[in-house]
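Asks: So for the sequence shown, this note's numbering puts the first residue at 1497; every next one is plus one.
Think of the CB as a built atom: it goes at the ideal place given N, C-alpha and C, for glycine as much as any other residue.
Note that this is a predicted model, so its numbers are computed, not measured.
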Amino acid sequence: MEEKAQLEASEQHPLLRSARKIIAKFKCLDVRRTALFYVNDLHFKLGGMHTQEDETEPYMASLFIGRHADANIYFFRADNVTDQATTNVVIPKGELMISLGTKQLDDYYNLLKEEGRVNIVDPIEDKPWGYRQFEIEDLDGNKIQFFRFLEGGTPGDDD
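1. For LEU1635 versus ARG1528, is the C-beta spacing smaller than 8 Å?
2. Using the DSSP secondary-structure output, state which residues sit across from ALA1520 in a beta bridge.
3. Roughly how far, in whole angstroms, is the beta-carbon of GLN1629 from the beta-carbon of ILE1616, given that I think they are within contact range, below 8 Å?
4. For THR1547, tell me which candidate among ARG1573, ASP1603, PRO1588 and ASP1566 has the shortest Cα-Cα distance.
5. Name, in chain order, the residues that DSSP records as bridge partners for ILE1594.
6. Looking at the strands, I want to know which residues DSSP matches up with LEU1542.
7. Can you tell me which residues form a DSSP beta bridge with GLN1629?
8. Compare the beta carbon distance of PHE1571 and PHE1522 with 8 Å and say whether it is the shorter of the two.
9. With distance defined between alpha-carbon atoms, name the residue in GLU1549, SER1514, THR1552 and ALA1531 nearest to LEU1542.
10. Residues in its own chain within less than 7 Å of ARG1613 by CB, not counting five upstream and five downstream?
11. Using 8 Å as the threshold, is the C-beta distance between LEU1601 and PHE1560 below it?
12. I think ILE1569 touches ALA1520, with their Cβ atoms under 8 Å apart; what is that distance to the nearest whole Å?
13. Can you list, in chain order, the residues of its chain with a C-beta nearer than 6 Å to that of LYS1639? Leave out the 5 residues immediately preceding and following it.
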């Protein structure tokens, strides 16, 4: 079977139909500072913050948006992130996309722009691949692209 035809004919295994959501994992320098940014500036909700037994500073935080934490990000403190050659702090950068409702996307973009506390790296615009989108960058260089589909509707349209 030709590779393209094989890919188009593929089906997921029945066991995988129970998947509920994706949880992204990002690294950050300071979990508390990151949580405050996501709650205060991006308007996410804190799901929880955890420390390791022998530490006082948080090691991990869960931040989310959506009805059932549909868009959830776990942040882990980046330990041992100094580049030995340059002594610069190096954190792996993460990227993810979050789909919002048709009206909510533009309203959220306008809210972030009006508040002026978030680094919007790509302004909102319609893309040739069928998305309307914008992208932000957090305090550690992680990027989140918020988008909606231009045709066919987007979940959340009825909200």
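Replies: Based on what the coordinates show:
1. no
2. ILE1569
3. Incorrect: roughly 11 Å between the Cβ atoms, too far for contact.
4. ARG1573
5. PHE1642
6. LEU1559
7. GLU1621 and PHE1643
8. yes
9. ALA1531
10. ASP1537
11. no
12. 5 Å
13. GLU1591, GLU1631 and GLU1633
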